[in-house]
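J.:
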Amino acid sequence: MNESGVAVGQLLRFYQLPLERLLVAADDLDLPLGTIRLRAEGGAGGQRGLQSILDHAASQQVARLRIGIDRPPGAMDAADYVLRPFTAEQAALLPVVLEEAATAMECFVREGITVAMNRHNREVG
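In my numbering, the protein residues as written are 1 to 125.
Next up, the structure:
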């Protein structure tokens with residue numbers, strides 16, 4: 001996942017897609033579980049995969065859908081946290097969060113990032 005930009009860059013070039021048509025979905029430790037946040041642009045926030053996409057797009061003008069997964073408990077390593085299975089409580093939120101994320105993505109495709117942000121930037125679960 002840390003080299004996601006290679007595939008995204010190839011996709012953009014092959015289909016000659018403008019960056020305005022690209023929406024990157026990524027998990028986010030800085031958002032509470034059950035929260036989704038659309039952004040029109042910005043940095044990678046320490047995520048190597050997102051940084052790879054921004055590098056290959058040669059721009060920070062890439063829309064993204066951030067899906068909150070919360071911070072690791074205690075002193076747990078962030079990499080261990082994101083790779084472990086969800087707890088039963090976390091898993092119970094997934095259908096609602098993923099449904100809202102899918103709806104937000106569809107809104108982005110049909111109506112653009114501004115409308116999608118206004119409608120879908122919220123806590124879901």
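Note that CB positions come from ideal geometry on N, CA and C, so glycine has one too.
Nearest-angstrom Cα distance between residue 21 and residue 81?
T.: Position 21 of the sequence shown, counted from the start, is the residue given in the question as residue 21. Position 81 of the sequence shown, counted from the start, is the residue given in the question as residue 81. Straight-line Cα distance between these residues: approximately 31 angstroms.
J.: Just mark residue 100 as buried or exposed, buried being the case when its beta carbon has 16 or more other beta carbons within 10 Å.
T.: Locating residue 100 in the sequence shown gives position 100, where the first residue counts as 1. With 16 or more other Cβ atoms within 10 Å, it is buried.
J.: Determine the direct distance from the alpha carbon of residue 37 to that of residue 121, and round the result to whole angstroms.
T.: Along the sequence shown, read from residue 1 onward, the residue named residue 121 stands at position 121. Along the sequence shown, read from residue 1 onward, the residue named residue 37 stands at position 37. So the two alpha carbons sit approximately 5 angstroms from each other.
J.: So the candidates are 65, 77, 71; which of them puts its Cα closest to the Cα of residue 112?
T.: Here residue 112 refers to the residue found at position 112 of the sequence shown. The option with the nearest alpha carbon to residue 112 is 65.
J.: Rounded C-beta distance between residue 71 and residue 29? I'm assuming under 8 angstroms.
T.: Position 71 of the sequence shown, counted from the first residue, corresponds to residue 71. Position 29 of the sequence shown, counted from the first residue, corresponds to residue 29. About 6 angstroms; that satisfies the 8 angstroms criterion.
J.: Can you tell me which of 4, 104, 109 puts its alpha carbon nearest to the alpha carbon of residue 50?
T.: Along the sequence shown, one-based indexing puts residue 50 at 50. If we check each option's Cα against that of residue 50, 4 comes out closest.
J.: Enumerated in chain order, which unbroken segments of the alpha helix (DSSP H) with a length of 4 residues or greater are wholly contained in the segment 16-87?
T.: Listed in chain order, the complete alpha helix (DSSP H) runs (minimum 4 residues) inside the segment 16-87 are 48-57, 78-83.
J.: For residue 11 and residue 17, what's the separation of their Cα atoms in angstroms?
T.: The residue labelled residue 11 in the question sits at position 11 within the sequence shown. The residue labelled residue 17 in the question sits at position 17 within the sequence shown. Between residue 11 and residue 17, the C-alpha separation is close to 8 angstroms.
J.: So is residue 77 in contact with chain B if we call contact Cβ pairs under 7 angstroms?
T.: This model lacks chain B altogether; it includes just one protein chain.
J.: Count the other C-beta atoms from every protein chain shown that fall within 10 angstroms of the C-beta of residue 98, then say buried if there are 16 or more, exposed otherwise.
T.: Here residue 98 refers to the residue found at position 98 of the sequence shown. Its Cβ having fewer than 16 others within 10 Å, residue 98 is exposed.
J.: Taking C-beta to C-beta, are residue 90 and residue 33 nearer than 7 angstroms?
T.: Taking the first residue of the sequence shown as 1, we reach residue 90 at position 90. Taking the first residue of the sequence shown as 1, we reach residue 33 at position 33. In contact: residue 90 and residue 33 (Cβ atoms closer than 7 angstroms).
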